[in-house]
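Comments concern the structure below.
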Amino acid sequence: MPEGDTVWRAARDLDKALHGRELTRCDIRVPRFATVDFTGRTVKDVVARGKHLLIRVEDEWSIHSHLKMEGLWHVYPKGGKWRRPAFKARCILETGASTVVGFELGFLRVIPQDQEHDAVGYLGPDLLGPDWDPEEALRRLRSDPGRPIGLALLDQRNLAGIGNVYRCELCFLAGEHPLTPVGDVRNLPRMVELAHRLLEVNKDRSTRVTTGSLLRDPLWVYGRTDRGCLRCGTRVVRSEIGDNELEQRVLYHCPHCQPARVPA
Numbered sequence: 001m002p003e004g005d006t007v008w009r010a011a012r013d014l015d016k017a018l019h020g021r022e023l024t025r026c027d028i029r030v031p032r033f034a035t036v037d038f039t040g041r042t043v044k045d046v047v048a049r050g051k052h053l054l055i056r057v058e059d060e061w062s063i064h065s066h067l068k069m070e071g072l073w074h075v076y077p078k079g080g081k082w083r084r085p086a087f088k089a090r091c092i093l094e095t096g097a098s099t100v101v102g103f104e105l106g107f108l109r110v111i112p113q114d115q116e117h118d119a120v121g122y123l124g125p126d127l128l129g130p131d132w133d134p135e136e137a138l139r140r141l142r143s144d145p146g147r148p149i150g151l152a153l154l155d156q157r158n159l160a161g162i163g164n165v166y167r168c169e170l171c172f173l174a175g176e177h178p179l180t181p182v183g184d185v186r187n188l189p190r191m192v193e194l195a196h197r198l199l200e201v202n203k204d205r206s207t208r209v210t211t212g213s214l215l216r217d218p219l220w221v222y223g224r225t226d227r228g229c230l231r232c233g234t235r236v237v238r239s240e241i242g243d244n245e246l247e248q249r250v251l252y253h254c255p256h257c258q259p260a261r262v263p264a
């Protein structure tokens with residue numbers, strides 16, 4: 001599942017393949033932008049912003065994408081065989097040496113670079129970005145103390161880069177039930193610090209690990225309804241949470257390690 005670390009790696013790999021290189025092919029397979037052609041133009045850089053990715057091309061244009069649930073970017077040697085079917089490709093960029101393909105992207109658009117702030121400026125501090133600011137992330141989280149921590153962590157306006165896996169694992173590691181109000185979380189600064197640490201240590205890995213065990217059990221509770229909590233063995237509860245019916249996301253927690261606290 002794409003989260004901030006996935007997008008960071010994609011930006012790193014695409015930047016390595018495209019930075020400073022002239023495009024020999026540009027095929028954007030989204031109806032609204034199908035006539036856009038950057039062939040002959042040079043890519044300035046590729047950057048991640050939370051879960052968003054920006055490919056900046058000379059003459060001040062940006063190809064702005066978001067992976068959503070299924071999207072991914074691949075880099076191939078020029079003429080190399082693709083690992084996904086061509087009908088799933090939404091963007092194809094080629095240089096003299098490489099082919100970059102975006103498959104099943106959640107959305108893809110072309111915007112002037114001076115509009116990037118309108119596109120991603122609402123995001124909170126990027127956990128893997130140069131602007132990472134834990135105090136600002138805390139301020140944003142605390143601005144709505146009654147909101148469940150399980151929703152607040154996933155809100156990219158608070159801090160950018162956390163997806164569903166990290167949300168569930170962070171609540172577990174903090175010993176907090178996902179429905180605990182932000183204002184009742186016992187050590188919110190530690191939780192924010194841990195979020196930053198987890199994404200940092202995982203940004204260079206293809207397998208996401210929160211337990212320290214890469215080979216055996218990489219996650220504590222996420223997806224473990226059949227195997228139980230890795231710490232205590234209690235059956236992991238699978239539920240859903242969201243701000244409304246259209247935004248419900250799967251949630252995993254251990255009722256023993258993360259008991260719901262009864263208000264005093």
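When we follow the working numbering, the leftmost residue of the sequence shown carries the number 1, and every step to the right adds one.
Yeah, the Cβ is synthetic: ideal placement off N, Cα and C, and Gly gets one too.
Contact between the region 126–141 and the region 188–195 (3+ Cβ pairs under 8 Å): yes
Is it buried or exposed for G96, if we count other Cβ within 10 angstroms and need 16 for buried? Position 96 of the sequence shown, counting from 1, holds the residue named residue 96. Exposed, since its Cβ has fewer than 16 Cβ neighbours within 10 Å.
From the DSSP secondary-structure annotation, give me the bridge partner or partners of T39. Here residue 39 refers to the residue found at position 39 when the sequence shown is read from its first residue. BP columns for T39 are empty, so no partner.
Are the beta-carbon atoms of L268 and L170 separated by less than 8 Å? Nothing can be reported for residue 268: it is not among the residues displayed for the chain, which extend from 1 to 264.
Express the C-alpha separation of V165 and R249 in angstroms, rounding to a whole number. Within the sequence shown, numbered from 1, the residue matching residue 249 stands at position 249. Within the sequence shown, numbered from 1, the residue matching residue 165 stands at position 165. Computed Cα separation, rounded: 11 Å.
Leaving out the 5 sequence neighbours to the left and right, which residues in its chain are closer than 7 Å to A119 when beta-carbon positions are compared? Taking the first residue of the sequence shown as 1, we reach residue 119 at position 119. Result list for A119: H64 and I111, in chain order.
Secondary structure at L246, three-state DSSP: helix, strand or coil? Locating residue 246 in the sequence shown gives position 246, counting from the first residue. Low local confidence applies: a pLDDT of 49 at L246 is under 50, so the model's placement there is unreliable, with the coordinate-based value given in what follows. Helix.
Identity of the residue in V57, F33 and A34 nearest G40 by Cα: Translated into the one-based positions of the sequence shown, residue 40 becomes position 40. Comparing Cα positions, the closest option is V57.
Within the same chain, show all residues whose beta-carbon is closer than 7 Å to that of L214, passing over the 5 residues directly before and after it, in chain order. Taking the first residue of the sequence shown as position 1, residue 214 is located at position 214. Excluding residues within five positions, the ones whose Cβ falls inside 7 Å are T207.
CB-CB length for L199 against L127, believed under 8 Å: On the sequence shown, residue 199 is found 199 positions in, with the first residue counted as 1. On the sequence shown, residue 127 is found 127 positions in, with the first residue counted as 1. So it is a contact: roughly 5 Å between Cβ atoms.
Say whether the region 5–13 touches the region 84–94, bearing in mind that this needs 3 or more beta-carbon pairs closer than 8 Å, one atom from each stretch. no
Let me know the secondary structure DSSP gives G150 once reduced to three states. Translated into the one-based positions of the sequence shown, residue 150 becomes position 150. The answer is helix: DSSP assigns G150 an H, G or I state.
Taking 7 Å as the limit between beta carbons, can you name the residues of its chain near L246, skipping five residues before and five after? The residue you call residue 246 lines up with position 246 of the sequence shown. Note on L246: pLDDT 49, under 50, position unreliable in the model; no value is reported.
DSSP-derived helix/strand/coil call for K203: The residue you call residue 203 lines up with position 203 of the sequence shown. K203 falls in the coil class under three-state DSSP.
Which residue's Cα is closest to the Cα of Y252: G175, F107 and E104? In the sequence shown, counting from the first residue as 1, residue 252 sits at position 252. Here the closest residue by C-alpha is G175.
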